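Trainee:
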Amino acid sequence: MEKASKAEKVKTIQNKIISHGKKTFEDTLIIFRDALTFIVDVVDREFDALEHLSTKEAVPAVERLIHRTKTNPHPKYDFSSKFYKFPSYFRRSAISKALGIVKSHRSNLKNWEKERGQALDEGKKFKKKPPVLRIDHEAFPVFYKGNMFKRLSENQAQIKVYKNGDWVWETITFQTKNLKNRGITDWRESNPIIVKKGKKYFIHFSYSKKIKLKNTKLENQVIVAVDLGLTNSAVCSVMLSDGTVIGRKFINQPIEKDRMKSKINKLKKAQRQSGWISASNYWRRINGLQKHIIFNTASEIIKFAEKHHADVIVFEYLGKMKMPKDYDGAKKLRHKLHHWCKIGIQNKVEQMAHYRGMRIRRVNAKNTSALAFDGSGEVKRNNKRDLATFPNGKVYHADLNASYNIGARYFIREFLKSFSEKKRLQWEAKVPSLAARTRQTLSSLISLHQAMNTEGVTLA
Numbered sequence: 000m001e002k003a004s005k006a007e008k009v010k011t012i013q014n015k016i017i018s019h020g021k022k023t024f025e026d027t028l029i030i031f032r033d034a035l036t037f038i039v040d041v042v043d044r045e046f047d048a049l050e051h052l053s054t055k056e057a058v059p060a061v062e063r064l065i066h067r068t069k070t071n072p073h074p075k076y077d078f079s080s081k082f083y084k085f086p087s088y089f090r091r092s093a094i095s096k097a098l099g100i101v102k103s104h105r106s107n108l109k110n111w112e113k114e115r116g117q118a119l120d121e122g123k124k125f126k127k128k129p130p131v132l133r134i135d136h137e138a139f140p141v142f143y144k145g146n147m148f149k150r151l152s153e154n155q156a157q158i159k160v161y162k163n164g165d166w167v168w169e170t171i172t173f174q175t176k177n178l179k180n181r182g183i184t185d186w187r188e189s190n191p192i193i194v195k196k197g198k199k200y201f202i203h204f205s206y207s208k209k210i211k212l213k214n215t216k217l218e219n220q221v222i223v224a225v226d227l228g229l230t231n232s233a234v235c236s237v238m239l240s241d242g243t244v245i246g247r248k249f250i251n252q253p254i255e256k257d258r259m260k261s262k263i264n265k266l267k268k269a270q271r272q273s274g275w276i277s278a279s280n281y282w283r284r285i286n287g288l289q290k291h292i293i294f295n296t297a298s299e300i301i302k303f304a305e306k307h308h309a310d311v312i313v314f315e316y317l318g319k320m321k322m323p324k325d326y327d328g329a330k331k332l333r334h335k336l337h338h339w340c341k342i343g344i345q346n347k348v349e350q351m352a353h354y355r356g357m358r359i360r361r362v363n364a365k366n367t368s369a370l371a372f373d374g375s376g377e378v379k380r381n382n383k384r385d386l387a388t389f390p391n392g393k394v395y396h397a398d399l400n401a402s403y404n405i406g407a408r409y410f411i412r413e414f415l416k417s418f419s420e421k422k423r424l425q426w427e428a429k430v431p432s433l434a435a436r437t438r439q440t441l442s443s444l445i446s447l448h449q450a451m452n453t454e455g456v457t458l459a
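Mapping of the sequence shown onto numbering that gives the first Met the number 0: position 326 corresponds to residue 325, and the numbering continues sequentially without gaps.
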């Protein structure tokens, strides 16, 4: 029997505003950000009194400190005079944002103080600077339906903006997107946000829905194990719970990678010749190629998983980026971009998988590439790093070998979790390679499955 759980998923649709020029909403953004700056300062000053309140309790508490009313004629901070007729929904939105900003800062400050204290107690030097509260923020206001936003048609709406010193209703026309193609026709639409990108303005609509994620019985699960390798963007293998591999896929973008390598080399050459330069044109092209690699890889992984009706997609834990000591210049930058690309692929796949009810799991990455999947020991890789030679002489694709071990570690972990500590130790005695998680391979899973079959063990 399958259990079902739900995950709240959100998609944001960006619609370009085509009826107004670049300066139409400038005053609205300026006054909203000025109000946010004012409120951030107030929240920071009064944080000791607000710290233990929930957001629902804190918003009216801050309002009493800044907003003048008949029942509150003399607030401690005179917000009303500076921001005359400021819409109440914008004010509450700014208060919520300010509370989040200050709470985040205080949390970071507390972590810094703890880290500093530990370093000093151990007699170490501590050079890390304390976090600073930023007062100014490039935030965008939320236009609450009914009070700040009224939809007139599919591509037209009225929004309340600050214009000529007053708050007035302005009719806007915007491009529309096909919600059916995005599979969100039955999703709940949230209040829109006006966002400035460059010289253009967009109205963003967020759509949310609770999506069922299946917990298929472990022995019936089909998983896709993914290795984000060195020579390929991703190598995938479809695996069953007994270790049987029923599908493989290699994903790569050699043309885009060659172009990116060329751009990185040119960027570093220009920086060597001219010192530090922003090189926005180079970075725009590099980021564009990186984005294409991330989206294309994630899309291909999801297509492959859908084809095989996968329940779970398994990755390695990436951990912190470790820079080899002999890396510098273009080589160092390529290493950074490769790590950021892996993070981007995992995040994008997780988002896309959840839309389809699939789960994401991660396993310990240590030795997944270094150990042969057949349990024969450590492999030797060739200069191109794409082939691995096993101790028994077998030559195999290095990233595919790693993907087998990734999938095996997921199943081993889930099987052992279902047993008591005593039973788990018994299985480890029968299959010694299970004891150290960093030494587990596909061979370990197959041996565990055979031992379980011999004992006649079935999972409830």
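Backbone N, C-alpha and C define an ideal beta-carbon position, used for all residues, glycine too. On a predicted model such as this, the values are computed, not experimentally measured, just so you know.
Let me know if His475 comes out buried or exposed under the rule of 16 or more other beta-carbons within 10 Å of its beta-carbon.
Mentor: Because residue 475 is not part of the residues shown, which for the chain are 0 to 459, the question remains open.
Trainee: Do you know how far the Cα of His104 is from the Cα of Val131?
Mentor: Straight-line Cα distance between these residues: approximately 7 Å.
Trainee: Using alpha carbons as the reference points, say which of Cys235, Lys265, Thr230 lies closest to Asn382.
Mentor: When only C-alpha atoms are compared, the closest one is Thr230.
Trainee: According to the neighbour-count rule (16 or more other Cβ atoms, all chains shown, within 10 Å of its Cβ), is Lys96 buried or exposed?
Mentor: Looking at its Cβ environment, which holds 16 or more other Cβ atoms inside 10 Å, Lys96 is buried.
Trainee: Measuring only the C-alpha atoms, how far is Ser4 from Arg91?
Mentor: Answer to the nearest angstrom: the Cα atoms are 33 Å apart.
Trainee: Which of the three DSSP states is assigned to Trp339 in this structure?
Mentor: Note: Trp339 maps to helix in three-state DSSP.
Trainee: Quick check: the Cα distance between Leu336 and Ala364, rounded to an integer number of angstroms?
Mentor: The straight-line gap from Cα to Cα measures roughly 19 Å.
Trainee: Please go through the same chain and pick out, in chain order, the residues whose beta-carbon is closer than 8 Å to the beta-carbon of Ile17, but skip the five residues on each side of it.
Mentor: For Ile17, where only same-chain residues beyond five positions count, the Cβ hits under 8 Å are Thr172, Phe173, Gln174.
Trainee: For the putative contact between Glu108 and Pro129, defined by C-beta atoms under 8 Å, what is the C-beta separation to the nearest angstrom?
Mentor: One point to set straight first is that residue 108 is Leu, not Glu, in the sequence displayed. Indeed they touch by this definition, with Cβ atoms about 6 Å apart.
Trainee: Do Gly246 and His307 come within 7 Å of each other at the CB atom, strictly closer than that value?
Mentor: Contact flag set, yes.
Trainee: Report the option in Leu424, Ala387, Val394, Ser368 whose CA atom is closest to the CA atom of Thr440.
Mentor: Ranking the options by Cα distance to Thr440, first place goes to Ser368.
Trainee: Three or more beta-carbon pairs under 8 Å between the stretch 324–336 and the stretch 248–258, yes or no?
Mentor: Output reads no: the stretch 248–258 does not touch the stretch 324–336.
Trainee: Would you mind reading off the limits of the alpha helix (DSSP H) that contains Gly246?
Mentor: It is not in any alpha helix (DSSP H) - Gly246 instead sits in the beta strand (DSSP E) that spans 244–250.
Trainee: Would you tell me roughly how many angstroms separate the C-alpha atoms of Pro86 and Phe139, rounded to the nearest one?
Mentor: Going from the Cα of Pro86 to the Cα of Phe139 covers about 15 Å.
Trainee: Cutting at 8 Å between CB atoms, please list the residues of its own chain near Asp21, excluding the five before and the five after it.
Mentor: Position check: residue 21 holds Lys in this sequence, whereas Asp was assumed. Here the set comprises Lys198, Lys199, Tyr200.
Trainee: For Val167, which residues in the same chain have their Cβ closer than 6 Å to its Cβ, ignoring the five residues on either side in sequence?
Mentor: Same-chain partners within the cutoff: there are none.
Trainee: Ordered along the chain, which non-local residues of its own chain (more than five positions away) have a Cβ less than 7 Å from that of Asn391?
Mentor: Once the five neighbours on either side are set aside, the close Cβ partners of Asn391 are Ser375.
Trainee: Is the stretch 267–275 in contact with the stretch 338–358, if contact means three or more CB pairs nearer than 8 Å?
Mentor: The stretch 267–275 vs the stretch 338–358: no contact.
Trainee: If we ignore side chains and look at the alpha-carbon of each, how far apart do Lys379 and Asp135 end up?
Mentor: Those two C-alpha atoms are separated by around 54 Å.
Trainee: Suppose you measure from the CA of Leu119 to the CA of Leu64; what does that come to, to the nearest Å?
Mentor: Each residue's alpha carbon lies about 39 Å from the other.
Trainee: Assuming Ser442 contacts Phe372 (C-beta within less than 8 Å), just tell me the rounded distance between them.
Mentor: That pair is a contact at about 7 Å.
Trainee: Taking only three categories from DSSP, how would you classify Met0?
Mentor: Reliability fails at Met0, whose pLDDT of 39 lies under 50, so the model's placement of it is uncertain and no value is given.
Trainee: State the DSSP-derived secondary structure class of Thr11, mapped to helix, strand or coil.
Mentor: Thr11: strand per DSSP, three-state reduction.
Trainee: Using three-state DSSP, classify Ile134 as helix, strand or coil.
Mentor: Ile134: coil per DSSP, three-state reduction.
Trainee: For Ser446, tell me which candidate among Lys421, Arg32, Phe410, Ser417 has the shortest Cα-Cα distance.
Mentor: Ser446 has its Cα closest to that of Phe410, out of Lys421, Arg32, Phe410, Ser417.
Trainee: So, do the stretch 232–246 and the stretch 28–40 have three or more beta carbon pairs nearer to each other than 8 Å?
Mentor: As far as the Cβ criterion goes, the stretch 232–246 does not touch the stretch 28–40, which means the pair count is below three.
Trainee: Can you determine whether any heavy atom of the ligand ADP sits closer than 6 Å to the C-beta of Lys365, and answer yes or no?
Mentor: The ligand ADP is not among the ligands present in this structure, which contains no ligands whatsoever.
Trainee: Give me the residue from Thr437, Glu420, Lys10 with the minimum Cα distance to Ile469.
Mentor: The chain is shown only over 0 to 459; residue 469 falls outside these bounds and no answer can be derived.
Trainee: Taking the beta strand (DSSP E) that Ser80 falls in, what are its first and last residues?
Mentor: Premise fails: Ser80 lies in the alpha helix (DSSP H), 78–81, not in any beta strand (DSSP E).
Trainee: I need the DSSP call for Ser87, collapsed to helix, strand or coil.
Mentor: Here Ser87 sits in helix by DSSP.
Trainee: Here's the rule: buried if 16 or more other CB atoms are within 10 angstroms of the residue's CB, otherwise exposed. What is Ile285?
Mentor: Its Cβ being crowded by 16 or more others within 10 Å, Ile285 is buried.
Trainee: Counting only runs of 3+ residues fully inside the stretch 267–323, write out the beta strand (DSSP E) ranges in chain order.
Mentor: Entirely contained in the stretch 267–323, the beta strand (DSSP E) runs reaching 3 residues are, in chain order, 311–315.
Trainee: By the three-class DSSP mapping on this structure, what secondary structure does Ala459 have?
Mentor: Summary for Ala459: the model assigns pLDDT 44, below 50, so the residue's position carries little reliability; its value from the coordinates is reported in the next sentence. Ala459 falls in the coil class under three-state DSSP.
Trainee: Run through DSSP, which three-state label would Arg150 get?
Mentor: Correct three-state label for Arg150: strand.
Trainee: What's the C-alpha gap between Leu415 and Arg181?
Mentor: So the two alpha carbons sit approximately 39 Å from each other.
Trainee: Classify Met320: buried if its beta carbon has 16 or more other beta carbons within 10 angstroms, exposed otherwise.
Mentor: Met320 should be labelled exposed.
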